[in-house]
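Colleague:
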Amino acid sequence: MRKSLAFLFFLIPLFSFSQLSVVELEAKQVPEPITRDAAVDRWNLSQPGYSLLSKEAKDLLYWTNYSRNNPKKFWDSAVAPILAVFPSLNKQEARSLALILGQAGQLPMFTLNAQLVKTAQSHAADIAGKNARPSHTSTNGADFGTRMKLAGIRRCANENISLSSQSILLSVVLLYLDIGLPELGHRKTLLDTNLREIGVGSALYGKDQWFLVQDFACQQ
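Just so it is clear: in the sequence shown, position 50 is 50 by the numbering used here, and no numbers are missing.
(1) Assuming the contact rule is C-beta atoms closer than 8 Å, Met109 and Trp43 should be a hit. Round their C-beta distance to whole Å, please.
(2) Helix, strand or coil: how does DSSP classify Glu183 here?
(3) By the three-class DSSP mapping on this structure, what secondary structure does Gln209 have?
(4) Among the residues of its own chain, which have a CB less than 6 Å from the CB of Gly152, if the five just before and after it don't count?
(5) Please name the residue or residues paired with Leu204 in a DSSP beta bridge.
(6) Give the straight-line distance between the Cα atoms of Glu93 and Asp178, rounded to the nearest whole angstrom.
(7) Nearest-angstrom Cα distance between Leu45 and Tyr66?
(8) Please state if the CB of Thr189 and the CB of Leu181 are separated by a distance shorter than 8 Å.
(9) Using beta-carbon positions only, say whether Ala38 and Asn113 come within less than 8 Å of one another.
(10) So, using beta-carbon positions, are Asn160 and Gln220 closer together than 8 Å?
(11) Should Arg187 be labelled buried (16 or more other beta-carbon atoms within 10 Å of its own) or exposed?
(12) Locate the alpha helix (DSSP H) running through Gln115, then write down its first and last residues.
(13) Just to confirm, are Ser167 and Ser54 a CB contact at a threshold of 8 Å?
(14) Could you check which residue in Lys73, Glu24, Val117 has the C-alpha nearest to that of Thr35?
(15) Terminal residues of the continuous alpha helix (DSSP H) containing Thr64?
(16) Exposed or buried, which one is Ala124 when buried takes at least 16 other CB atoms within 10 Å?
(17) From the DSSP output, read off the bridge partner residues of Ser171.
(18) Let me check understanding here. Comparing Cα to Cα, which of Leu184, Lys149, Glu24, Ser164 lies closest to Phe86?
What follows is the structure, given as C-alpha cells:
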C-alpha cells in the first residue's frame, strides 16, 4: 500500500485550526480525462508567472481551476473514474461531494498571485528539501500566518498541503473528498467563491513523493 496524505490549514481573524487526513491506497494507474480543457489552459497560460512554475505546480493549478470552471464535469470526468479504480474512497464523503459539485455551477477560476506563488514554492522546497514532517509551519518556526504576512496578505488566507506518490490529480481529488474530516475544510476552501487568488508550489519529497502547497487569498 502506498500512503497518500492530505492536510488543511484554515485561517480567519482571531481563530485558526488545522485538519489532517491520511488515506492508504494501492499503487494503481490513476485515470485522467483524455482531453484537456482548452478554456482552463488558456486561462492558466494568461497568468503572469505561469511559465516559471514546475510541471507539478502547473498540474496542480490546472486541476484546481478545472474543478472550479466546471464542477460537474470535474466529477464526471475525474472524480467518478478515480472512485471506480479506488472503491475504498467511495464513502459518504464521495456521495456528498457528488451532490455539491452537481449543484455548484461555474465558479471563478483562480488567478496567480506572484507573492503567493513565491511563498508556496518556498514552503514546499523547505519541507521537502529537509525531509521534514509535512506541516504548515516552516522548519525555521515561521507559521502560516507569518508567511502570509510576509507575502503581503492581510486577510482571507487559506492553505492546503498534500503529499502523494501517485498523481497530482489524485491529490486534488483527495482534498475534495476530505475523508474522515467532518468539517470538510479542504473542500470548502477549494469551492470558496471569496477566494480568488492562488499560489502553488511543489517539491520532490523523498524518492517518489511530491509535497504540494496551495496558498489561497481573497482578491488583494
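Cβ atoms here follow ideal geometry from the backbone N, Cα and C, with glycine treated the same way.
Modeller: With the given structure in hand:
(1) What you label residue 109 is simply residue 109 of the sequence shown in a count that begins at 1. What you label residue 43 is simply residue 43 of the sequence shown in a count that begins at 1. Going by Cβ atoms, the distance from Met109 to Trp43 rounds to 5 Å, so yes, they are a contact pair.
(2) Here residue 183 refers to the residue found at position 183 when the sequence shown is read from its first residue. The answer is coil: DSSP assigns Glu183 none of H, G, I, E or B.
(3) Position 209 of the sequence shown, counting from 1, holds the residue named residue 209. Looking at Gln209 - three-state DSSP - the assignment turns out to be strand.
(4) For the purposes of this step, residue 152 is taken as residue 152 along the sequence shown, with counting starting at 1. Result list for Gly152: Gln115, in chain order.
(5) By one-based count along the sequence shown, residue 204 stands at place 204. Bridge pairing for Leu204: Trp210 [DSSP].
(6) By one-based count along the sequence shown, residue 93 stands at place 93. By one-based count along the sequence shown, residue 178 stands at place 178. Between Glu93 and Asp178, the alpha-carbon positions lie close to 7 Å from each other.
(7) Looking up residue 45 in the sequence shown gives position 45. Looking up residue 66 in the sequence shown gives position 66. Distance between the alpha carbons of Leu45 and Tyr66: 13 Å.
(8) By 1-based counting over the sequence shown, the position of residue 181 is 181. By 1-based counting over the sequence shown, the position of residue 189 is 189. No, Cβ-Cβ distance for Leu181 and Thr189 is not below 8 Å.
(9) Numbered from 1 along the sequence shown, position 38 holds the residue referred to as residue 38. Numbered from 1 along the sequence shown, position 113 holds the residue referred to as residue 113. For the pair Ala38 and Asn113, the CB atoms are not nearer than the 8 Å cut-off.
(10) Taking the first residue of the sequence shown as position 1, residue 160 is located at position 160. Taking the first residue of the sequence shown as position 1, residue 220 is located at position 220. For Asn160 and Gln220, no; Cβs fall outside 8 Å.
(11) Residue mapping note: residue 187 aligns to position 187 of the sequence shown, counting from 1. Taking all protein chains in view, the Cβ of Arg187 is crowded by 16 or more other Cβ atoms within 10 Å, so the residue is classified as buried.
(12) By one-based count along the sequence shown, residue 115 stands at place 115. Here the alpha helix (DSSP H) through Gln115 covers 114 to 129.
(13) Start at 1 with the first residue of the sequence shown, and residue 167 comes out as number 167. Start at 1 with the first residue of the sequence shown, and residue 54 comes out as number 54. Against a cut-off of 8 Å, the Cβ pair of Ser54 and Ser167 comes out as no contact.
(14) As a first step, residue 35 must be located in the sequence shown, where it is residue number 35. Selected option, being the one with the closest Cα: Lys73.
(15) For this step, residue 64 is matched to residue 64 along the sequence shown. Run containing Thr64: 55 to 69, per the alpha helix (DSSP H) assignment.
(16) Reading the sequence shown from its first residue, position 124 is the one you call residue 124. Flag for Ala124 reads buried.
(17) As a working mapping, residue 171 is identified with position 171 in the sequence shown. Per DSSP, Ser171 has no beta-bridge partner at all.
(18) The residue you call residue 86 lines up with position 86 of the sequence shown. Answer by Cα proximity: Glu24.
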